[in-house]
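Numbering (my numbering), first residue to last: 1183 to 1341.
For every residue, glycine included, the Cβ atom is placed at its ideal position computed from N, Cα and C.
Just so we're clear, the structure is a prediction, and the values are computed from it rather than from any experiment.
Working notes for the structure below.
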């Protein structure tokens, strides 16, 4: 596994990838450090870092880097459906459930969304609930708001 990081307004973002694609995106908080088994390789990670930087600077609306998040078949279906939500658009849990043909799996979709190992690039911030205050994300409501403002052209998140 290879990694590199990007300094952003959100904090230091670590990307982890291998030959299959991007595996993980972590917004580092105090005390985070890369796993000792990861190899720091800026050259290998350059395309991943470049696309994330372009997105956070408001210059990219779609990612073309290969993704390889680890997860169950169901989680993969949910993350694929979330990845198909267009830039600056939103879909409800019910819309995603219908799209993946699991119309009663709304709670499971929420759980898959919240364990998404590649937030931002698999844009869980584009999944909306009926009550805005109930939006959830592993990194909190503030991240959802910042990413939505970025996509509305109101904010830049690259340092």
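Test item: CB-CB of residue i and residue j under 7 Å
{"i": "residue 1245", "j": "residue 1197", "result": "no"}
{"i": "residue 1206", "j": "residue 1299", "result": "yes"}
{"i": "residue 1189", "j": "residue 1227", "result": "no"}
{"i": "residue 1178", "j": "residue 1263", "result": "The structure shown does not extend to residue 1178, since the chain is modelled only from 1183 to 1341, so the question has no answer here."}
{"i": "residue 1308", "j": "residue 1282", "result": "no"}
{"i": "residue 1240", "j": "residue 1338", "result": "yes"}
Neighbour-count burial assignment, residue i, 16 or more Cβ in a 10 Å radius
{"i": "residue 1222", "result": "exposed"}
{"i": "residue 1243", "result": "exposed"}
{"i": "residue 1252", "result": "exposed"}
{"i": "residue 1191", "result": "exposed"}
{"i": "residue 1289", "result": "exposed"}
{"i": "residue 1208", "result": "buried"}
{"i": "residue 1202", "result": "exposed"}
{"i": "residue 1328", "result": "buried"}
Presumed contact (8 Å Cβ cut-off) between residue i and residue j, rounded CB distance
{"i": "residue 1249", "j": "residue 1304", "result": "7 Å"}
{"i": "residue 1235", "j": "residue 1273", "result": "With a Cβ gap of about 26 Å, residue 1235 and residue 1273 do not count as contacting."}
{"i": "residue 1256", "j": "residue 1294", "result": "7 Å"}
{"i": "residue 1340", "j": "residue 1238", "result": "4 Å"}
Proximal residues to residue i (C-beta, below 8 Å), its chain only, five neighbours per side dropped
{"i": "residue 1313", "result": "Residue placement at residue 1313 cannot be trusted, given a pLDDT of 49 that sits under 50; what the coordinates show is reported in the next sentence. Hits under 8 Å: none found."}
{"i": "residue 1204", "result": "1197, 1198, 1230, 1247, 1248, 1249, 1250, 1251, 1300 and 1303"}
Same chain, Cβ closer than 7 Å to residue i, five either side skipped, listed in chain order
{"i": "residue 1270", "result": "1333 and 1334"}
{"i": "residue 1306", "result": "1264, 1295, 1298 and 1319"}
Residues of its chain near residue i, where Cβ-Cβ distance is below 6 Å and the 5 sequence neighbours each way are ignored
{"i": "residue 1146", "result": "In the structure displayed, the chain extends from 1183 to 1341; residue 1146 sits before or after that span and is not available."}
{"i": "residue 1260", "result": "1291 and 1294"}
Within-7 Å CB hit, residue i to chain C
{"i": "residue 1261", "result": "No chain C is part of this structure, which consists of one protein chain only."}
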